[in-house]
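Peer 1: Here the working numbering is used: the first residue of the sequence shown is 922, the next is one more, and so on. Glycine included, C-beta positions come from ideal geometry on N, C-alpha and C. What you are looking at is a predicted structure, and each value in this text was computed from that prediction instead of being measured. Dropping the structure in here first, questions after.
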Amino acid sequence: MRIRGQAFRSLFGAIGSLLTPEQVAEVMTRLEPEVRALLPGAVNGTQWYSLAWYKQVQRAACDVGGSADFARRLGREARRLDARGVYRFILRFVSPESLIRNSASVMALYLEGPTLRTGDVRRAPTSCALEFEVTDADGFDDCLWEELLGSMEQLFRAAGSAGAAARVLEHEPGWLRGEISWPTGSA
């Protein structure tokens, strides 16, 4: 399983945004030399890298960050940085509904291997919700799942759904079923 260099770049940026310089230095000491060599500027945004390397950086950052929700915050911040940078132009034309229709393609921008399937949008008077399923995600741990949920929340926010919130309905190794919901007033 591989992850795009752009995701690595965004992860590094999020770590720098959310941790102090001393904490970033601590993250670096926890990495294997070949992974440390990727930091900070040796990553090609369009190249594919080992998911194991990404997990090593993410796990070190989560351990140093210390809070239960740090992985989700990393995901939100990484996608926020993407929305300010490389994907800013595209996100101007995206709505939550178009994001849903193209969710598998969006995920494929970052990950090679897992498959994302979405159900139908359920509409209520004040909100919308959507169930989704991620399969073929062997090697995903709780940190990666939480980062994925935070990434989804931020992408929905960038598409105009300020109150988007994702949650796990059930999961087991390599598979997750979840839900993302958002207020209709912001969609």
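Secondary structure at residue 1095, three-state DSSP: helix, strand or coil?
Peer 2: Looking at residue 1095 - three-state DSSP - the assignment turns out to be strand.
Peer 1: Going along the chain, which unbroken runs of the alpha helix (DSSP H) with 4 or more residues stay wholly within the region 1009 to 1044?
Peer 2: Complete alpha helix (DSSP H) runs here, min 4: 1009 to 1012, 1017 to 1022 and 1024 to 1031.
Peer 1: Once DSSP output is grouped into helix, strand and coil, what is the label at residue 1107?
Peer 2: Residue placement at residue 1107 is poorly supported in this model, since its pLDDT is 45, which falls under 50; the coordinates still yield a value, given next. Reduced to three states, the DSSP call for residue 1107 is helix.
Peer 1: Would residue 1084 and residue 1104 be called neighbours here (beta carbons separated by less than 7 Å)?
Peer 2: Yes.
Peer 1: Could you please give me the residues that DSSP links to residue 1088 through a beta bridge?
Peer 2: Answer is 1100, bridged to residue 1088.
Peer 1: Ends of the beta strand (DSSP E) at residue 1055?
Peer 2: Run containing residue 1055: 1048 to 1058, per the beta strand (DSSP E) assignment.
Peer 1: My output table needs one value for residue 988: the three-state DSSP class, helix, strand or coil.
Peer 2: Coil at residue 988, not helix or strand.
Peer 1: Exposed or buried, which one is residue 927 when buried takes at least 16 other CB atoms within 10 Å?
Peer 2: Buried.
Peer 1: CA-CA distance, residue 1087 and residue 954?
Peer 2: Using only the alpha carbons, I get a separation of about 35 Å.
Peer 1: Who does residue 924 pair with in a DSSP beta bridge?
Peer 2: Residue 924 pairs with 970 and 1032.
Peer 1: Which of helix, strand or coil does DSSP assign to residue 945?
Peer 2: The answer is helix: DSSP assigns residue 945 an H, G or I state.
Peer 1: Given residue 1043, which residues of its chain have a CB within under 6 Å of its CB, disregarding the five upstream and five downstream residues?
Peer 2: For residue 1043, where only same-chain residues beyond five positions count, the Cβ hits under 6 Å are 1050.
Peer 1: Only counting the same chain, and skipping five residues up and downstream in sequence, which positions put a Cβ closer than 8 Å to that of residue 1100?
Peer 2: Within the same chain, residue 1100 has close Cβ partners 1050, 1051, 1052, 1053, 1087, 1088 and 1090.
Peer 1: Can you find the residues in the same chain that come closer than 7 Å, C-beta to C-beta, to residue 1033, ignoring five residues on each side of it along the sequence?
Peer 2: Excluding positions up to five away in sequence, the list reads 922, 923 and 969.
Peer 1: Applying the 10 Å Cβ sphere with the 16-neighbour rule, what's the burial state of residue 1035?
Peer 2: Per the 10 Å Cβ criterion, buried.
Peer 1: Could you check what DSSP says for residue 956 in three-state terms: helix, strand or coil?
Peer 2: DSSP places residue 956 in helix when its eight states are reduced to three.
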